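Notes follow once the structure below has been shown.
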Amino acid sequence: MFGKIVLMQIQVERTQLEHVQADALVLPVFEGRKEERFGAATLTDAGEVTGKFGEFTLVHHPAGAAAARVLLAGAGKVEKFDADGARKLAGMAARHLKSKAIKKVAFAFDPAFVGAALEGAVLGNFEPDRYRTGNDKKSIETIVVVDTGKTAGLEETVERARVVAEAQNFTRELVNEPANRLAPMQMAEAARRMAAAQGLECQVLERAEMEKLGMGALLGVAQGSAEPPALIVIRYRPAGKEAKAHLGLVGKGVTFDTGGISIKPADGMEKMKYDMAGGAAMIGAMQAIAQLKPAIPVTAFVPCVENMPGGRAQRPGDIVTAMSGKTVEVLNTDAEGRLILADAITYARRQGCTHLVDAATLTGAIVVALGHIHVGLFTNDDGMRDRVLAAARAGGERTWAMPLDEDYREYLKSAFADIANIGGRWGGAVTAAMFLKEFAEDTPWVHLDIAGTAWLDDEKPHLAKGPTGVPLRTMVNLAMEWK
Ligand code: BES
Ligand code: ZN
Ligand code: ZN
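Residue numbers are given in numbering that gives the first Met the number 0: position 200 of the sequence shown equals residue 199, and the series is strictly consecutive.
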């Protein structure tokens, strides 16, 4: 399986911009604010540098600078510039410069945006090139965060940003792994290795234990594959603190979703290796949580299966008994995510979690509803909704609350069991969430449908094609800001 991720060097330098030693110094320039340093005045006068967001001008041998180049990075209107803008701009700059084989880059952002900018640079530097042979791999090796003042707490800001962005890149590596290299057991192995490196407790439940626990919904999905299932449990406990709340993070870990007997069309099926993106985000979040040490205990639960149409596969019409005791009529074997999550949610509740968040590439319907812009949020608890929305906003992971009234429950009626695993034609993302709610019962719970946001179909100026790592930043913020 995949080897060590090569990390960038990140250093803080307290100095004047002129003295910064680097291959390139990234300097944000704002619309309507004339930048005159490093010979920029003539470029501004000539109308070549306007400060429009995303306009890049690379100046070689900049006047008065120790750096070999200055990248004048158009940042838009100063009053509109925020953390999201900084994250994006730094990501764009990183990708722009690394494509020119530039190795050491200094960033001169306002201290208020240093954290977001650093995240953007580390995320922008990521490339899904693990399986490309040859030596054409270009990557920034060193980032210098320039502080021209004596900003208090800057080291902590830089450290948190580094930890979060590196965890996010780890998640993206996991998601990019093809299904022939990352089946449930390999995913469990990756989680074990991460946990061992971070000093977290990791336990992997295998088929026999799941049978004992009565996880019939999860096992029903797994039975069509030659790859055995795994339920990954990773525990973080704050030192010496007694907390009332215990946060559970549940992530869908379908290492490949063929649809099973209700098989998917061939066109685009290769993308279904990302059906474990929710689980990978929770594993990555635990890596960051281990280093940032929030005050609340956090446990991740990642049910991993491969959904295959094998000779032992479950059939439409099969009735399984979930761990909670409820019976489920499996009308469509492609609605497998909710089945494995149902048992993982029940298990998380029995493990003592008082609050739950799950993340899952659960439905095509959420992509119809929200496109590739917003994560869909569903909940049984307004307090949890507010906490998660605040955490998402702080992390720049756009998230939108969707309805989940009891009235939707009738869509899931089954003639032969307690509940069916699909509703009708309408409101597919809501009925999927409604199914999960049945298993969350009275535990405050949020479900995040990330089917539209966990994967970028095309490269962006600030991010590579493929996995985004969403909603890792939301999860880390949620744990860190828990009160
Ligand atoms: N993994 C898919 C959801 C999905 C679809 C993720 C497209 C990303 C892009 C999920 O297991 C699934 O197949 N859901 C079905 C549910 C349906 C059978 C009720 C869907 O959305 O079509
Ligand atoms: Zn499916
Ligand atoms: Zn799926």
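Positions of the beta carbon are idealized from the N, C-alpha and C atoms, including for glycine.
All of these numbers come straight from a predicted model, not from anything done at the bench.
Alpha helix (DSSP H) containing Leu491: first to last residue? A question about residue 491 goes unanswered here, because the residues of the chain that appear run from 0 up to 482.
Specify the secondary structure class of Asp256 as computed by DSSP and reduced to three states. Reading the sequence shown from its first residue, position 257 is the one you call residue 256. In the displayed model, Asp256 falls within a strand according to three-state DSSP.
Please state whether the Cβ-Cβ distance between Ala244 and Ile295 is less than 8 Å. Working through the sequence shown from its first residue, we reach residue 244 at position 245. Working through the sequence shown from its first residue, we reach residue 295 at position 296. Yes, the pair counts as a contact, with Cβ atoms nearer than the cut-off.
Is the beta carbon of Gly250 sitting closer than 8 Å to the one on Val301? Start at 1 with the first residue of the sequence shown, and residue 250 comes out as number 251. Start at 1 with the first residue of the sequence shown, and residue 301 comes out as number 302. The Cβ atoms of Gly250 and Val301 sit closer than 8 Å to each other.
In or out: Tyr130 buried (at least 16 other Cβ within 10 Å) or exposed? Start at 1 with the first residue of the sequence shown, and residue 130 comes out as number 131. Exposed, by the Cβ-count rule.
Inspect the beta-carbon positions of Thr452 and His371 and report whether they are closer than 8 Å. For this step, residue 452 is matched to residue 453 along the sequence shown. For this step, residue 371 is matched to residue 372 along the sequence shown. Judged by their CB atoms, Thr452 and His371 are nearer to each other than the 8 Å cut-off.
Considering only DSSP beta bridges, list what Ala419 is partnered with. The sequence position of residue 419 within the sequence shown is 420, counting from 1. The bridge partners DSSP lists for Ala419 are Glu328.
For Arg13, does the three-state DSSP call read helix, strand or coil? As a first step, residue 13 is located in the sequence shown; it is residue number 14 there, counting from the start. The answer is strand: DSSP assigns Arg13 an E or B state.
Got a sec? Which residues, its chain only, sit under 6 Å from Thr141 by beta carbon, not counting five neighbours each side? Numbered from 1 along the sequence shown, position 142 holds the residue referred to as residue 141. Cβ neighbours of Thr141 beyond the five flanking positions: Gln8 and Lys103.
Write down every uninterrupted run of the beta strand (DSSP E) in the stretch 104-189 whose length is 3 residues or greater and which is fully enclosed by it, in chain order. Counting whole runs of 3 or more residues, the stretch 104-189 contains the beta strand (DSSP E) stretches 141-146.
Measuring from the CB of Val366, is there a heavy atom of ligand 1 at a distance below 7 Å? The sequence position of residue 366 within the sequence shown is 367, counting from 1. Flag set: Cβ of Val366 near ligand 1.
Rounded to whole angstroms, what is the Cα-Cα separation between Arg314 and Ser261? Residue 314 sits at position 315 when you count from the first residue of the sequence shown. Residue 261 sits at position 262 when you count from the first residue of the sequence shown. Arg314 and Ser261 have their C-alpha atoms some 8 Å from each other.
Euclidean distance between Cα positions of Gly123 and Ala432: As a working mapping, residue 123 is identified with position 124 in the sequence shown. As a working mapping, residue 432 is identified with position 433 in the sequence shown. Whole-angstrom Cα-Cα distance: 32 Å.
Can you tell me whether Asn306 is helix, strand or coil according to DSSP? Within the sequence shown, numbered from 1, the residue matching residue 306 stands at position 307. Asn306: strand per DSSP, three-state reduction.
Is the stretch 215-227 touching the stretch 171-189, taking contact as three or more C-beta pairs under 8 Å? Remark: three or more beta-carbon pairs, one from each stretch, lie closer than 8 Å, so the stretch 215-227 and the stretch 171-189 are flagged as touching.
Meets three-Cβ-pair contact criterion under 8 Å: the stretch 209-220 and the stretch 319-337: Of all C-beta pairs linking the stretch 209-220 to the stretch 319-337, three or more are shorter than 8 Å, placing the two stretches in contact.
Around ligand 1, Cβ to any heavy atom closer than 5 Å, ordered along the chain: Sorted by chain position, residues whose beta-carbon lies closer than 5 Å to a non-hydrogen atom of ligand 1 are Asp256, Asp274, Asn331, Asp333, Ala334, Gly336, Thr360, Thr362, Gly363, Ile421 and Ala450.
Using C-beta distances below 8 Å, list every residue in its chain close to Leu6, excluding the 5 sequence neighbours before and after it, in chain order. As a working mapping, residue 6 is identified with position 7 in the sequence shown. Take Leu6, set aside five residues on each side of it, and the residues of its chain with a beta-carbon closer than 8 Å to its own are Glu165, in chain order.
Do the stretch 458-469 and the stretch 84-102 meet, that is, are 3 or more Cβ pairs less than 8 Å apart? Touching, yes.
Go ahead and pull the three-state DSSP assignment for Glu210. Residue mapping note: residue 210 aligns to position 211 of the sequence shown, counting from 1. For Glu210, the three-state secondary structure derived from DSSP is helix.
In the stretch 363-401, which residue ranges form an unbroken alpha helix (DSSP H) of at least 4 residues, counting only runs that do not cross its ends? You should have 363-369 and 381-394.
Would you identify the three-state DSSP class for Gly351, choosing helix, strand or coil? Walking along the sequence shown from the start, residue 351 turns up at place 352. Gly351 falls in the coil class under three-state DSSP.
Specify the secondary structure class of Asp266 as computed by DSSP and reduced to three states. Mapped onto the sequence shown, residue 266 falls at position 267. Residue state, collapsed to three classes: coil.
Closer than 7 Å: Val28 CB and nearest ligand 3 heavy atom: One-based indexing of the sequence shown puts residue 28 at position 29. For Val28, the distance from the CB to the nearest heavy atom of ligand 3 is not below 7 Å.
I'd like the span of the alpha helix (DSSP H) that includes Val499, first residue to last. There is simply no residue 499 to check, as the chain begins at 0 and stops at 482 in what is shown.
Please indicate yes or no: does the CB of Val253 lie closer than 7 Å to some heavy atom of ligand 3? Position 254 of the sequence shown, counted from the first residue, corresponds to residue 253. Inclusion of Val253 in the 7 Å shell around ligand 3 follows from its C-beta lying nearer than that to a non-hydrogen atom of the ligand.
Just the Cα atoms here: how many angstroms apart are Asp22 and Gly152? Counting from one through the sequence shown, the residue named residue 22 turns up at place 23. Counting from one through the sequence shown, the residue named residue 152 turns up at place 153. Near 27 Å, if we compare the C-alpha coordinates of Gly152 and Asp22.
Do Ala284 and Leu471 have their CB atoms nearer than 8 Å? Locating residue 284 in the sequence shown gives position 285, where the first residue counts as 1. Locating residue 471 in the sequence shown gives position 472, where the first residue counts as 1. Yes, the pair counts as a contact, with Cβ atoms nearer than the cut-off.
With a cut-off of 8 Å on the beta carbons, I'd call Pro467 and Thr398 a contact; round off their distance for me. Reading the sequence shown from its first residue, position 468 is the one you call residue 467. Reading the sequence shown from its first residue, position 399 is the one you call residue 398. According to the sequence displayed, residue 467 carries Thr and not Pro. That belief does not hold up - the Cβ atoms of Thr467 and Thr398 are roughly 13 Å apart, past 8 Å.
If we call anything under 8 Å between Cβ atoms a contact, is Asp448 one with Ile365? In the sequence shown, the residue the question calls residue 448 occupies position 449. In the sequence shown, the residue the question calls residue 365 occupies position 366. Yes, the Cβ-Cβ distance between Asp448 and Ile365 is below 8 Å.
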